[in-house]
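Please read the structure below before turning to the comments.
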Amino acid sequence: MRERFPFSKISILLLFVLLLSSSRDGALASITVKKLLPITEIAAGYQSLALTPTNIALVGDGIEVRDRLTGVILVVQESSPSTLFTDVTTSSGSFIAVGIAESSAVTLRDPSDGAINPDSITVMNEERRTVGLTRLIIIEFSGTGQVTKTTFFESDKPLLPRSIQLFGGQIVVVGDVASDRGYQGFMLTRSLLGDEFRMSKFGEISTSIFSAANSRTLYGSSEENLVESEKQGKRDGVIIYLDKNRKAVRVVRSFAAGAKRQWSDVSPAHLAAGTLIRGNTSEVAITDFDGQGKPEWSTRIPGIMGLVEGRVVGLITKAQIKALPGFKAKSNQALFLGFDKKGTIKSASSIPAISIIDIFQDHALVEVKSGATQLISFS
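End of the sequence shown = 379 in our numbering, gap-free, step of one.
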């Protein structure tokens, strides 16, 4: 459910390209934009947040839980240079986070410059070679900071989990994994009560999965043919439909001539957002699909990023917007737009920012020009 941008710790090749859909300016209604103020400043390094009625969980270099009433902070996992948590969600008042770590290193013995010990046994030089970020971690923890369950999935190649969601009794993680020819999208599932993982991969060379509407509908982008669907633009936004065995059986593409597109986030109701890059211009495409990939309505707004939570889409822009005549920004703003089912804007709020790190319910983490991270509420 979360778009993931490059992290300094991750050496895996990632391609972040953005998408577009047909414009429908008539769907936008004039409305006043609410000016937001930060609730508090958050330490750098956090990548995602999740909320229950009593607590806020923040994950990134480490994991912490904050009491929403008292502000008391509990450390669930200390920051580590070899571990990064990328997303977090909720389950029955508790939290589930996903991350990656270096799982192992290969030790090689070099026979060229051996040394002889007193017992005349040859001791050869050793060289340790890091395999990479190949261990996926899922940590379940309570609002009091107690870890209740930890499970691991060992990959043979580096991977990047972008989103963790709970559909019924299934934990669903999506993201990218390195391949021999480039990178693939993946979906990893595990029963909430079990320990066994099951992985499905999509594409071979340049396919990314950013989010899931459910356990059988994935949203992302691709530069290659998938199933019987051929590449159309420089890079296409894709919706991948799976059968009961988690095999891709159908792909719906969103494309534009000479443009790079991706679906970076989607709600369970198939409200999707992403961006289109053509030359030096970028627009955020917002499209409400039905369950079969047919657009119900669509609009474009000049800007970058595109995160979805319920009926709200967050993006970064400073452009004038026809439906928001009072929105006149001199610098980049995090703009949060609430849409109804017909595509009409019903609410709008903004705060100066250069990036939206994550969005959950009516809260978000934003990065401001100074580099600080702020927690805000756009309700």
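All residues carry an ideal CB built from backbone N, CA and C; glycine is no exception.
Distance, LEU315 Cα to ILE304 Cα: 6 Å
Inter-residue Cα distance where the pair is LYS330 and LYS318: 7 Å
Reference ILE301; option with closest CA among LEU335, LYS260 and ASN280: LEU335
Beta-carbon spacing of ALA390, GLY306 below 7 Å: Outside the shown range of the chain, which is 1 to 379, sits residue 390, and nothing can be said about it.
Cα-Cα separation, ARG162 to PHE85: 10 Å
Buried versus exposed, by CB contacts within 10 Å (16 or more), ILE73: exposed
Cα-Cα separation, SER80 to ASP61: 6 Å
First through last residue of the beta strand (DSSP E) which encompasses ILE359: 355-360
Reduced DSSP category for GLU379 - H, G, I as helix; E, B as strand; rest coil: Just to set this straight, residue 379 is Ser in the shown sequence, not Glu. In this structure, SER379 counts as coil in the three-state DSSP scheme.
Length of the line joining the Cα atoms of VAL266 and SER103: 31 Å
Continuous beta strand (DSSP E) assignments of at least 3 residues falling wholly in the region 131-157: 133-141 and 147-154
PHE255, enclosing beta strand (DSSP E) - first and last residue: Looking at the DSSP string, PHE255 is not in any beta strand (DSSP E), and its letter there is neither H nor E.
C-beta contact flag for LEU166 and THR275 at 7 Å: no
Cβ separation of VAL177 and GLN170, assumed to be a contact under 8 Å, to the nearest whole Å: The pair is not a contact, with the Cβ atoms about 19 Å apart (cut-off 8 Å).
C-beta neighbour in chain B for ASP290, strict 7 Å: Of the chains in the structure shown, none is chain B; there is only one protein chain.
Which residues DSSP lists as bridging ALA178, in chain order: TYR183
Unbroken beta strand (DSSP E) run spanning PHE327, endpoints: It is not in any beta strand (DSSP E) - PHE327 carries neither H nor E in the DSSP assignment.
DSSP three-state assignment for VAL368, whether helix, strand or coil: coil
Candidates LYS244, MET199, GLN333 and LEU193: closest to ALA348 by CA position: GLN333
According to DSSP, residues forming a beta bridge with HIS363: PHE360 and SER377
Per DSSP, the bridge partner or partners of GLU309: VAL312
Given PHE202 as reference, the closest of ARG246, SER191, GLU296 and ARG135 once Cα atoms are compared: ARG246
Distance between beta carbons of ARG250 and VAL284, contact taken as under 8 Å: Not really, about 26 Å apart at Cβ, beyond 8 Å.
Integer Cβ distance of ILE100 from ILE138, believed to fall under 8 Å: Rounded, the Cβ-Cβ distance is 11 Å, inconsistent with contact.
Cβ-Cβ distance between TYR219 and ILE205 below 7 Å: no
ASP362 and SER350 closer than 7 Å at C-beta: no
Selected residue, minimal CA-CA separation from ASP40, among THR32, ILE31, ARG68 and PRO53: The question names Asp, but residue 40 in the sequence shown is Thr. Considering only alpha carbons, the answer is ARG68.
Alpha-carbon spacing of PHE360 relative to SER254, whole angstroms: 26 Å
Bridge partners - LEU218, DSSP secondary structure assignment: ALA212 and ILE240
Buried/exposed call for PHE152, threshold 16 Cβ in 10 Å: exposed
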